[in-house]
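Novice:
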Amino acid sequence: MITIEQAKRIIIRLEDEFDSHDFINVYMTLFEREYVSLLAEKIDNEHIFRSVNSLIGKFLTDNQKELEISKNERKKSTNVRGNETENQCWIKE
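Listed below in structure tokens is the structure:
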């Protein structure tokens, strides 16, 4: 699973306001092997990408304080599969 250190490296590269899709796109770029490993762990799940991306969203929620981010509104944006879906927005503190 993603680590606090990895998450901090990702957040530094993002705008002051970002959404979970933005975070995941940078995660895939910087830590491609780790992202693919997470997908492989969910290979038996009918919705592999949704399952992994939900885990990443939960990680961000559970570690908001340490990552110095907070939840904002939810909005639609393009996910890693090219579909527009609703996801969580975040603000750097």
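Just add 2 to the spot in the sequence shown (first one is 1) and you have our numbering.
Idealized CB from N, CA, C, for every residue including glycine.
1. Measure the alpha-carbon distance for residue 61 versus residue 85 and round it to whole angstroms.
2. With a CB to CB cut of under 7 Å and the five nearest residues on each side skipped, what residues in its chain are close to residue 44?
3. Residue 74 by DSSP, collapsed to three states: which one?
4. Just mark residue 22 as buried or exposed, buried being the case when its beta carbon has 16 or more other beta carbons within 10 Å.
5. Starting from residue 64, follow the alpha helix (DSSP H) in both directions and report where the run begins and ends.
6. Leaving out the 5 sequence neighbours to the left and right, which residues in its chain are closer than 8 Å to residue 82 when beta-carbon positions are compared?
7. Which of helix, strand or coil does DSSP assign to residue 93?
Specialist: From the atom records:
1. The straight-line gap from Cα to Cα measures roughly 22 Å.
2. These residues qualify, in order along the chain: 50, 53 and 54.
3. The three-state secondary structure of residue 74, taken from DSSP, is strand.
4. It is buried - the Cβ of residue 22 has at least 16 other Cβ atoms within 10 Å.
5. Looking at the DSSP string, the run of the alpha helix (DSSP H) that includes residue 64 is 50 to 64.
6. Here the set comprises 23, 26, 27, 30, 51 and 55.
7. Residue 93 carries a strand assignment under DSSP once its states are collapsed to helix, strand and coil.
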